[in-house]
Amino acid sequence: MELIDSHTHLDFPDFDQDRQALLAQSRALGVKRMVVLGVYQRNWQRVWDLVQSDPDLHAAFGLHPAYLDEHRPADLTELANWLTRLAGHRQLCAVGEIGLDYFLEDLDRERQQALFEAQLQLAADFQLPALLHVRRSHAAVIATLKRFRLKRAGIIHAFAGSQEEAREYLKLGFKLGLGGAATWPQALRMHKVIAGLPLESVVLETDSPDMAPAMYPGQRNSPAHLPAICTALAQIMAISPEQLAAASTANACELFNW
Numbered sequence: 007m008e009l010i011d012s013h014t015h016l017d018f019p020d021f022d023q024d025r026q027a028l029l030a031q032s033r034a035l036g037v038k039r040m041v042v043l044g045v046y047q048r049n050w051q052r053v054w055d056l057v058q059s060d061p062d063l064h065a066a067f068g069l070h071p072a073y074l075d076e077h078r079p080a081d082l083t084e085l086a087n088w089l090t091r092l093a094g095h096r097q098l099c100a101v102g103e104i105g106l107d108y109f110l111e112d113l114d115r116e117r118q119q120a121l122f123e124a125q126l127q128l129a130a131d132f133q134l135p136a137l138l139h140v141r142r143s144h145a146a147v148i149a150t151l152k153r154f155r156l157k158r159a160g161i162i163h164a165f166a167g168s169q170e171e172a173r174e175y176l177k178l179g180f181k182l183g184l185g186g187a188a189t190w191p192q193a194l195r196m197h198k199v200i201a202g203l204p205l206e207s208v209v210l211e212t213d214s215p216d217m218a219p220a221m222y223p224g225q226r227n228s229p230a231h232l233p234a235i236c237t238a239l240a241q242i243m244a245i246s247p248e249q250l251a252a253a254s255t256a257n258a259c260e261l262f263n264w
């Protein structure tokens, strides 16, 4: 099986002790490419340095809503500068991680919305996909995306919405990122949604080091867990792991123009 991990934070300090060994292990298990996402201005250089050390890593840059209090107005200008400087580079693949988080109640929703829209505009301007963080905010995100209508759409990271919300995203051209959270036995509602998704809508991800799957409870998540995640999700979808791997890899390659 050849797999693509469409959402990682491999630059995080959690991997400092064994990053290269983990990358080698992941490749040996069939995970051929990995996307590393920036979440605030101060980790963009770290992401890019890591990506530049390995031709099979790809970078996305964004201002994550959970770090709202850390972001400054100048960071949007800096993001535009990064995207301008790296435009056309084979290892720049998206704008992200961006979005709306209504789970964290102390985050100002108006500020989140303004930041989200500004970054969606950058994705449109630079003709890049957007990798979206959506927590308890599907209605607001869908309404915003309907206004922007991105040509290259993107991915709804860690999708955990309803069948109706899935349909809305698919109509807008987005792929749905599935990872460890959906492998847990108690995620029964998600299992029903996943079982009904068309194969062309799905991409696989880990969100490493977070969102460990059920078979690795309490552990640091990593791209090396993606084959096990693929197997578990394929069982829910009543297809073979090879079918899911092939479809998700093809979907990611289409989205990122690989």
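Numbers given in the numbering used here equal positions in the sequence shown, counted from 1, plus 6. Every residue gets a Cβ at the ideal spot worked out from N, C-alpha and C, and that includes glycine.
Start-to-end residues for the beta strand (DSSP E) that takes in residue i
i	result
His15	Taken as a continuous stretch (DSSP letters only), His15 belongs to no beta strand (DSSP E), as it is neither H nor E.
Ile161	160-163
Met40	37-43
Phe67	63-67
Asp267	Nothing about residue 267 can be read from this structure; the chain reaches only from 7 to 264.
Assigned exposure category for residue i - 16 Cβ within 10 Å defines buried
i	result
Ala201	exposed
Thr212	buried
Phe67	buried
Arg39	buried
Ser12	buried
Ser59	exposed
Gln192	exposed
Proximity winner among the options, relative to residue i (alpha-carbon distances)
i	options	result
Met7	Arg33, Ile162, Gln23	Arg33
Ala129	Cys99, Ala256, Leu9, Asp24	Cys99
Arg48	Ser59, Leu82, Val208	Leu82
Gly185	Glu171, Arg153, Tyr175, Val208	Val208
Gln169	Leu203, Leu92, Ala145	Leu203
Asp24	Gly102, Ala136, Ser228	Ser228
Gly179	Pro135, Arg195, Val45, Asn263	Pro135
Alpha helix (DSSP H) segment containing residue i, residue limits
i	result
Ile235	232-243
Leu261	247-262
Ser32	25-34
Arg52	50-58
Note to self: Whether or not the segment 131-148 and the segment 67-78 are in contact is what I'm after, with contact meaning three or more pairs of Cβ atoms, one per stretch, closer than 8 Å; do they touch?
What the structure shows: As far as the Cβ criterion goes, the segment 67-78 touches the segment 131-148, which means the pair count is three or higher.
Notebook entry, point to check: Which runs of the beta strand (DSSP E), 3 residues or longer, sit entirely within the segment 150-231?
Noted result: Here the runs fully enclosed are 160-163, 181-184, 208-210.
Item checked: Secondary structure, beta strand (DSSP E): runs of 3+ residues fully inside the segment 88-144 -> Those beta strand (DSSP E) runs which fall completely within the segment 88-144 and span 3+ residues are 98-107, 136-141.
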